[in-house]
């Protein structure tokens, strides 16, 4: 099968196939669930099939475009090492999440819509990842916004719908700013194709305001200060959805596009690097401190996501190769661990019927597997070896110092200290503690999904050789001149 | 010999741990038998490897791990070789001791598992020749420590949390130091990092590494979990980690940082910082030990205080101080683990470690008492004991750098002696509690480790040259080891030796006077406890006012509320400000279009005025 076809299947199968899911649901819920999982697995399988040629340095593995469009309006897709890396990471974690959903969501209403939206969400992510044109990028970007809006408001209570509206409005506001930025890029370069833009505009070839506008979109999507508060509020969504938003897909869209645009297409000027790093550092600190105060299980983990996303920005905006590779590795390791934390939180929430951690305690006795898996994921997010999160955190911090941002990196170390504090507090209060909340272990499928992500977090560290090689090869596509070692 | 052998001290305990895990709910004896076997095999390998390390470069093992940045590199050379043997030996003895101690206690399987993993992590940390590999094992120790404390008495999770947070934060500082060191040295291979300058960024890097090393050794201000762990964690944990192995690992790495990796001159602020931290740790921790009324808690403060001597010694940057610091590290590991074992023996046989309930056990547990006497005399620096000789070296180094440091060390000796006289008197002499009349000596498997360690304490007294001139000095560079022999039966500086003996004598006189006054060994130092000013300080300390962890928690709480407040302000913008602004805009526009004729005329006139104004300006 040709590489172009694989890439198109990876995008179209979940995007278009999701429309069939409500019909399948009418026939049999089991058929619908299986089809949904199969579609996500197809996206994963197609992306994995692209991996060998990407790793062999045959860049890009696939390229597809609609030719001869007027005014430089390009519709092109490209599977390079970075895109394939991101596609595999997000579809892998999404597959685990969909498997988990089959048990978690089974006793709620609107399941047809749920599976359609989740699958379309992942499909849009695939499209976004493989987009090589700003138009397609924006198109898929907005599809993710619409689907996540429906998913956050899944439970339909007025306050939940309001939270969904908030998430939608904030991210779409950012996206519209970004669109203005894209128009500025298009005006300056005469094309929407990223390769053409890269060739025509060098470092600093873009107006200052255009970078700012695009960054607003990225920061809003990746939930970074000052656009971050929609993410904790989105915790009203079902746990698999929050896992998908936080760990695998939505917030990673921002950092991925940051890498795509500002590491590959138009490397950032030092001035913008510093602005992004200062914002990220402030975001890391503010959200980590908020996580220490919050008492809602999912809000704490959500603030943790905001804080960890800042570390990815540190890696990407540091201007050093280690930082960039570390940032990619961080996307992988954080995705696995944070996915595990949210799914674990889902098990706890479902069994204890509360999200208030003050009502919990001593759950390690009744939910040992969930507790240990949760601890593994927490260790990985904290950055404790031998878990995968250690290596990514080490590399982004190295990147920060190598890039000459010593003082800002020290602020991030303070953020990492706070990470240890709030995650330890969370684990201790929920799973240790004196109170013994009455709750049994979750269903086998759900617990297995949490355990798989915890195991992968550990494996990612033990097999860091493979993981880091992969990240290096993914980064090799954008190691442009100007980045220091 | 094949360099693959270097993997064995790590792999054997890991394999043992896996077997313990697989054996699951097997019998206590099978589980501990397996653990003892694994620890013994590790010791055997360490001993076999020892002669290999005596050439200049040692032996190395290298495996591309996560190229191009990290490689899994191990190296055994003279300094790490003997510390490796010591660590494995302590682990074996503690395992033997625990066999009987842990019988009938819960979580035996987890205890063995964590113990063996701890041993593997320690061996890995000793052998690591790459800073990231070192960090890997270093933080592995953090996890096993967390587990070991948590399986203590019910409610121990609070202490586990405290320990995890304190050590985790210091480890993170070390990570920062490693990043900076790697940047400056352009390599993370430890043997290639050669005396980096300590100015500017280098100073920051070294300071962060020192924080990691000294915190692992249990120095102030990262100490406050140790006394809590003494009462909450299983006792063998205390004998293994805070008493011996953590000191070995922490001080070993401190020596590597300040002797090999960085160029620490005696004039640098880092040397001064280390000496100040060392001196403060000695005095404050021993002062706290003096007033404790619990056997294990009293010992735990000494575990903190003694590390102050080592940091002070290494911080002097003088051969006498460095060699003395390392010798003291070995001595402390010996007598401190022996003392904790005597504490465990007493607790095992009487069911309590509260000194108010103990007394007169010397006749019931004579061998335990004998071991206690040897270890307590050693830690007090009684003449002819190993502690006397290591402290003598430290005094010489400290005096050379400043009278104040010397005085801190001597006052520390006085208070140490006073508190052990009190402890020994309260536990083993005096009137026996009638409930303890049937108490018997502990079984052989618990006695053997204590007796062996006490014997080595005695050996390293008169035979100190064996450790000082044959183990420690040959493993250091010529500049650190000095040109002259530092060991020997007779003191090198008689005045210092006499003053040290005088401090011990003064402590004995103080104890006798206190005993006479209060009629009880336990209260023999109450006149110090209740002295003006000191009593206020002690009361404040008892309330936790000086606990850096509690102070830090208050600070973090304030910072967290401020950060949370900022977050709420930002949230108010998206949830409140923009919504209200939009509502206001809508209301304002709606008000302007209420269908009133006069209003529309007004709008038209305003519009016409604007157009006319624009036209006039354009003309």
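Residue numbers (the working numbering), protein chains in the order written: chain X, 1402 to 1886; chain E, 1005 to 1623. Built from N, CA and C at the ideal position, the CB exists for glycine as well.
Residues of the segment 1777-1797 of chain X with a Cβ closer than 9 Å to any Cβ of chain E, in chain order: 1780, 1783, 1784, 1785, 1786, 1787, 1791, 1792, 1794, 1795, 1796. Straight through space, the alpha carbons of residue 1503/E and residue 1510/E are spaced by roughly 10 Å.
Between the segment 1083-1103 of chain E and the segment 1038-1054 of chain E, the count of Cβ pairs shorter than 8 Å is three or higher; the stretches touch. Only those residues of the segment 1569-1594 of chain E whose C-beta falls short of 8 Å from the nearest C-beta of chain X are listed: 1570, 1571, 1574, 1575, 1577, 1578, 1579. At a cut-off of 9 Å between C-beta atoms, residue 1086/E does not count as an interface residue with respect to chain X. The segment 1595-1602 of chain X and the segment 1655-1673 of chain X touch, with three or more beta-carbon pairs separated by less than 8 Å. Here residue 1495/X is near residue 1519/X, since their CB atoms are less than 9 Å apart.
For residue 1497/E, the three-state secondary structure derived from DSSP is coil. The beta carbon of residue 1445/X is closer than 7 Å to those of 1489, 1492, 1493, 1496 in its chain, skipping five residues each way along the sequence.
With a minimum length of 4 residues, the unbroken runs of alpha helix (DSSP H) contained wholly in the segment 1461-1510 of chain E fall at 1468-1471, 1482-1485.
Residue burial is scored here from C-beta neighbours: residue 1540/E has fewer than 16 other C-beta atoms within 10 angstroms and is therefore classed as exposed. Membership of residue 1035/E in the alpha helix (DSSP H) is indicated by the continuous run 1032-1053. Short of 7 Å from the beta carbon of residue 1279/E, and not among the five residues preceding or following it, lie these beta carbons of its own chain, in chain order: 1316, 1319, 1320, 1405, 1409. Under the Cβ criterion of 9 Å, residue 1835/X is counted among the residues facing chain E. Think of a sphere of 8 Å around the beta carbon of residue 1627/X: the chain E residues whose beta carbon falls inside it are 1574, 1577, in chain order. Around the beta-carbon of residue 1116/E, 16 or more other beta-carbon atoms lie within 10 Å, marking it buried. Counting other Cβ atoms within 10 Å of its Cβ, residue 1285/E reaches 16 or more and is therefore classed as buried. For residue 1752/X, the enclosing alpha helix (DSSP H) covers residues 1722-1753. Under the Cβ distance rule, residue 1866/X counts among the residues neighbouring chain E, one pair being separated by less than 9 Å. Under the DSSP assignment, residue 1465/X falls in the beta strand (DSSP E) whose first and last residues are 1463-1467. Closer than 9 Å to the CB of residue 1817/X there is at least one CB belonging to chain E.
If only uninterrupted alpha helix (DSSP H) runs of at least 4 residues are considered, those enclosed by the segment 1055-1117 of chain E are 1082-1105. Taking 9 Å as the threshold, the shortest C-beta distance from residue 1177/E to chain X falls below it. Listed in chain order, the positions of the segment 1674-1699 of chain X with a beta carbon within less than 9 Å of a beta carbon of chain E are 1683, 1686, 1687, 1688, 1689, 1690, 1691, 1692, 1693, 1694, 1695.
A straight line joining the alpha-carbon of residue 1380/E with that of residue 1498/E spans about 23 Å. Here residue 1797/X is actually not in contact with residue 1736/X; their C-beta atoms are around 15 Å apart, not less than 8 Å.
Not a single CB atom of chain E sits nearer than 9 Å to the CB of residue 1519/X. Neighbours of residue 1564/E in chain X, taken as residues at a C-beta separation under 7 Å, are given in chain order as 1690, 1693, 1694. Buried is the label assigned to residue 1241/E, since at least 16 other Cβ atoms lie within 10 Å of its Cβ.
Taking a beta-carbon distance threshold of 9 Å, residue 1161/E counts as an interface residue toward chain X. For residue 1565/X, the CB contacts under 7 Å within the same chain, skipping 5 residues up- and downstream, are 1550, 1553, 1554 in chain order. Assignment of beta-bridge partners to residue 1134/E by DSSP yields 1193/E.
Counting along the chain, the unbroken beta strand (DSSP E) around residue 1480/X starts and ends at 1476-1480.
The residue from 1464/E, 1441/E, 1297/E, 1357/E with its alpha-carbon nearest to that of residue 1337/E is 1464/E. Going by DSSP, residue 1273/E is part of the alpha helix (DSSP H) stretching over 1273-1294. Chain-order list of chain E residues neighbouring residue 1802/X: 1180, 1183, 1184, 1186, 1187, 1205, by C-beta distance under 9 Å.
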